[in-house]
Each structure stands twice: as structure tokens, then as C-alpha cells.
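Visitor:
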Amino acid sequence: MMSPRFPYKALSLVLAVLLGGCASQSELAALRLDTNNPKYRSADCQSSIAGSAVHRDIKNVTMVAAPVLVVLSAGLLLPVVAANAGLDAADRIDASNMTTRCGGQGESGGEIAGSVAAGAALGVATGLAPK
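In terms of my numbering, the sequence shown opens at residue 69 and continues consecutively.
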């Protein structure tokens, strides 16, 4: 017979895997950098890489906070999606700047805007605010 605490342990494990597996765009960009590029060792590049952790923390908080805010605000989805779109834009801009500082080709403003708009549209369509 299963213990009555089993569902809570299983749920905790699933949440830990889901939340722990989410990387910000800045983190993903840092992982894709060419470590053989001479600019990779520059102070600007290393500073950008170190700063990418803040976007991971923000993303993890918004993944939990956004649905809670929608429920607490009696379903006011658009302000939550707008706030997440702003955070997503900042993350993508920082990722692009990091890539450029480290010797790569960053995304254009149009590419960033398209990605942010697609994420916001998905947030509105699903009733959540994914990033």
C-alpha cells in the first residue's frame, strides 16, 4: 500500500524537474558561446556571462508567480503577460549583447521583437504567461 505522502513527494519531484530544467535565454546563449574565440576571455564577455544568472532567477520566479498573480487578480491576464514580455525582452537583449561581446553574432532587434511577441501571444492563448 502506498503511503499517503506519496502524491506530495511525486508532485514535488515533478515540480523540481520542471522548474530546474528551465534556462533563460541568457543562460542558453552563454552555453552556445565559442570558448575558442579570443573575445570570450575579455572582461566584457566574462561580465556578461556572470550577469546571466539573474535572468535564470527571474524566470524561475515568474514561472511560479505568474499563474498565482492571474488567479489572485481575478483573471487579469494581460498585465501579467505584459510584465513577462518585458522581462523576456530584457533577457533576450542581454543574451544578444553577451553573444556580441563574446565574439558571436547577436540577434537583431526585429528577431528579438518577434520572439517576444510570439511568447506573449502564446501566453494569451494558453491563459498562462510563459517565457
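Idealized CB from N, CA, C, for every residue including glycine.
For C113, which three-state DSSP category applies?
Guide: C113 falls in the helix class under three-state DSSP.
Visitor: L101 and Y108 - do their beta-carbons sit closer together than 8 Å?
Guide: Yes.
Visitor: Assign L144 to one of three DSSP states: helix, strand, or coil.
Guide: Correct three-state label for L144: coil.
Visitor: Within this structure, are the beta carbons of N152 and C90 separated by less than 8 Å?
Guide: Against a cut-off of 8 Å, the Cβ pair of C90 and N152 comes out as no contact.
Visitor: With distances taken Cα to Cα, identify the nearest neighbour of D156 among G174, I180, P135 and L140.
Guide: Comparing Cα positions, the closest option is I180.
Visitor: Which of the three DSSP states is assigned to N104 in this structure?
Guide: Three-state result, N104: coil.
Visitor: What separation, rounded to the nearest whole angstrom, lies between the Cα atoms of T168 and V122?
Guide: Rounded to the nearest angstrom, the two C-alpha atoms are 19 Å apart.
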